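The sequence shown begins at 55 in the working numbering and counts up one residue at a time.
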Amino acid sequence: MVLSVEEWRRRILEYFCAGRHNIIRATRKEKIFASFGSNTDYNLEIAFNSLVRDNLIVYEEGEYYTLNFAKTEEVRAIIYDDIEDDLYMSQPLESELEDLVFQFVTEGREYPPRAKYYYYTKRTDSSFWVSLIKTKPLGKSDRINLGSFNDPTSRISRIWQAVKKAANGCQGAIFIRKRVEEIEPMACGNNRQPSKAAFDIFKKTGLIKVISSKGNSEKYKLSGLEPVVYNILYSDNTRF
Numbered sequence: 055m056v057l058s059v060e061e062w063r064r065r066i067l068e069y070f071c072a073g074r075h076n077i078i079r080a081t082r083k084e085k086i087f088a089s090f091g092s093n094t095d096y097n098l099e100i101a102f103n104s105l106v107r108d109n110l111i112v113y114e115e116g117e118y119y120t121l122n123f124a125k126t127e128e129v130r131a132i133i134y135d136d137i138e139d140d141l142y143m144s145q146p147l148e149s150e151l152e153d154l155v156f157q158f159v160t161e162g163r164e165y166p167p168r169a170k171y172y173y174y175t176k177r178t179d180s181s182f183w184v185s186l187i188k189t190k191p192l193g194k195s196d197r198i199n200l201g202s203f204n205d206p207t208s209r210i211s212r213i214w215q216a217v218k219k220a221a222n223g224c225q226g227a228i229f230i231r232k233r234v235e236e237i238e239p240m241a242c243g244n245n246r247q248p249s250k251a252a253f254d255i256f257k258k259t260g261l262i263k264v265i266s267s268k269g270n271s272e273k274y275k276l277s278g279l280e281p282v283v284y285n286i287l288y289s290d291n292t293r294f
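As C-alpha cells, then:
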C-alpha cells in the first residue's frame, strides 16, 4: 500500500519525537528510513524532502537531522496530538553512545535548568555507570563517569559510602542529599550533578527509598540492600 505524502510527513515527525516521550531524536537520514523497514514507498523520500524544505526538519553538522524547535506548533499540528511538555530536549547523539547500553532517563529539577539525565552501563561492563546530561537540544552532552561499585575508589562507591555514613549519623537514619555532599564533596562535585546522578541510580536500583518530598528537597532512608551486580541489573536482562 502506498501512503500519501501527508501521512509520511506525520510518521517521520513522530519518529523524531521518539514515540511522544518528550525525547527528540537527532539522527541520520538512512537510519530514519530504515526504521520503517520494508513498508516504504516513493512518497517517503518526497515527504522527507518536503519537511526539510518547509524547515520543520533541520540539518546539523555531522549529517544529523532533527526537529526545528522554533516550529513546534506546526509539528504538533501535523502529528494531531500534543507532545508531552514541549519539544525542547533531544537525546544524546549516536556518536556519544558507543559501547553504552541505555538503562533509564530522569528530569533535572536543579542546575542546569530543564536538563535530562540519561543513564547507561558499559556494554563490556554492566556494573559501570555513565550519565549523559543534555541541557541543549543540539550539541554534545555533559558526561559523568560514575564508575563501578566493584571499584571502591570509583565516584559512585565513594558517594555510596557517604550515604551510609550520613544515614548512620542522622536521627532515625533519615538523611538528605546535602548531608552526603558535605561528607564527600569531591565525588559529589561542585555543581551537584554527580551526586544527583548517583542518587538517581540509588533510587532506581532500590538502594535508597524516598521517605518524604517537599519541593526539590527529598528525605531518604536506606533500603537495606547492598550494591552488588544483581541488584543493579535484572538477571533476565530486562531493562528499566
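For each residue, glycine too, the CB sits at the ideal point set by N, CA and C. Here the structure is a predicted model, which means the values were calculated and not measured.
Within 10 Å of its beta-carbon, does residue i have 16 or more other beta-carbons around it, so buried, or fewer, so exposed?
| i | result |
| --- | --- |
| D254 | buried |
| R107 | exposed |
| Y113 | exposed |
| Y96 | exposed |
| V234 | buried |
| I239 | Inspection of the sequence shows that residue 239 is occupied by Pro rather than by Ile. That one is exposed. |
| A88 | exposed |
| T207 | exposed |
| S267 | exposed |
Using only the heavy atoms of the ligand ZN, determine whether one of them is closer than 7 Å to the beta carbon of residue i.
| i | result |
| --- | --- |
| E150 | Ligands displayed in this structure: none; no statement on the ligand ZN is therefore possible. |
Just the Cα atoms here: how many angstroms apart are residue i and residue j?
| i | j | result |
| --- | --- | --- |
| S211 | F256 | 11 Å |
| I100 | G278 | 58 Å |
| W214 | Q225 | 19 Å |
| F70 | V129 | 10 Å |
| I265 | K83 | 46 Å |
| L98 | K194 | 29 Å |
| N122 | K218 | 46 Å |
| W62 | G91 | 14 Å |
| A221 | R197 | 28 Å |
| K263 | E68 | 36 Å |
| K258 | E152 | 23 Å |
| T126 | Y119 | 15 Å |
| S180 | K273 | 29 Å |
| V56 | N93 | 9 Å |
| R209 | A80 | 30 Å |
| T175 | L200 | 10 Å |
| S271 | I230 | 8 Å |
| F102 | T178 | 37 Å |
Is DSSP giving residue i helix, strand or coil here?
| i | result |
| --- | --- |
| E84 | helix |
| G226 | helix |
| K194 | coil |
| V112 | strand |
| T259 | coil |
Span of the alpha helix (DSSP H) holding residue i?
| i | result |
| --- | --- |
| N103 | Y96 to R107 |
| R209 | R209 to N222 |
| L67 | V59 to F70 |
| E127 | T126 to I133 |
Assuming residue i contacts residue j under a Cβ cut-off of 8 Å, what Cβ separation, rounded to an integer in Å, is found between them?
| i | j | result |
| --- | --- | --- |
| V184 | Y171 | About 11 Å separates the two Cβ atoms, so there is no contact after all. |
| I228 | K275 | 5 Å |
| K188 | P248 | Between P248 and K188 the Cβ distance is about 16 Å, and since that is not below 8 Å, they are no contact. |
| E150 | L186 | 6 Å |
| V59 | S104 | 7 Å |
Quick check on the DSSP output: the beta strand (DSSP E) that includes residue i runs from which residue to which?
| i | result |
| --- | --- |
| E161 | L154 to E161 |
| S185 | D179 to K188 |
| K176 | K170 to K176 |
| K232 | First-last for K232: R231 to I237, but that is the alpha helix (DSSP H), not the beta strand (DSSP E). |
| E280 | Neither: E280 is in no beta strand (DSSP E) and is coded neither H nor E. |
| S92 | No beta strand (DSSP E) contains S92, which DSSP labels as neither H nor E. |
| L276 | S271 to L276 |
| L151 | Looking at the DSSP string, L151 is not in any beta strand (DSSP E), and its letter there is neither H nor E. |
| L121 | Y118 to L121 |
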